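Heads up, the thing below is written out as structure tokens.
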Amino acid sequence: MKRISNLYLKVYNGVSIILWLLVLYGVLLGENSWFSQSPRSLYRAKSTSEVYPHKFLNITEWFNAILEIVHSLVGLVPSPLPTLLLQLTARLLITQGISYKLPQSAGNYSWGYATLSFVWSVSDLIKYAFYFAKLFSRKGQGVPAGLTWLRYTAFIVLYPLGLVGESHTVYLSLDAAQGSHYYWFLIFALASYIPGFFLLYGYMLKQRKKVLSKETVRASKAQ
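Number 77 in UniProt numbering belongs to position 77 of the sequence shown; there are no gaps in the numbering.
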């Protein structure tokens, strides 16, 4: 059973790396057709379940969200469910709550959306590459020190950038929701970003101290 779960996780992390590489490719090259559409497209005028901005990003996020929750619930990975749900909810608010529900929103075509797309793709590429390497590492060797350091250090810069991009996108979407109950939901979500950010940031800082201190001990023993 352990061998099967190990194989499954290798495939899952490998697929996730490919998906986020495609997202990053679209961000860096500005090829909106990969996961977005031009403001001049029909997406601003009409949206359906098949046609809306940033569809590829939304699909990728749902793929990871559903499986990450299942993995945590069944104990396949040690990820704490509350922290996981907080991060996934914040992301799905953007992809499902803005791109899918409010395709006409200016937030979908802003620098904020480009920023959060870049931050998410880089963050998740590092995360899944780390877990992928961990699954293939030999007993007693662990993940390469550089990748471990990156996994527990890059967030120091990426998380604040993500906060700015996400909150800016939600703010620009308020006009599109004006006059509906959804407008007040977005106001509440916008107000929740700061406390939610500090919870996630604090958790990652604790993890960083814990993991990197172990790495320091392991490196000293290896000398």
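C-beta atoms are modelled at their ideal positions from N, C-alpha and C, and glycine is treated no differently. It should be emphasised that the depicted structure is a prediction, and the values quoted were computed from it without experimental measurement.
Straight-line spacing of the CA atoms in GLY196 and ASN6 works out to 32 Å. Leaving aside the five residues that flank TYR183 on each side, the residues in its chain whose CB is nearer than 7 Å to its CB run, in chain order, LEU174 and ALA177. DSSP, read as helix, strand or coil, puts ALA106 in helix. Closest option to ALA65, judged by alpha-carbon separation, among HIS54, GLY75 and LEU92: LEU92. If you check the CB distance, ALA145 and ILE126 do not come in under 8 Å. In this structure, DSSP gives LEU76 a state outside helix and strand, which the three-state scheme calls coil. The residue from VAL119, GLY26 and THR216 with its alpha-carbon nearest to that of THR148 is THR216. Of the residues assessed, HIS181 falls on the exposed side of the cut-off, its CB having fewer than 16 other CB atoms within 10 angstroms. When the five nearest sequence neighbours on each side are left out, the beta carbons in the same chain lying within less than 6 Å of the beta carbon of SER123 are those of LEU158, in order along the chain. Excluding five sequence positions before and after ALA106, the CB atoms of its chain that fall closer than 8 Å to its own CB belong to LEU172, SER173, ASP175 and ALA176, given in chain order.
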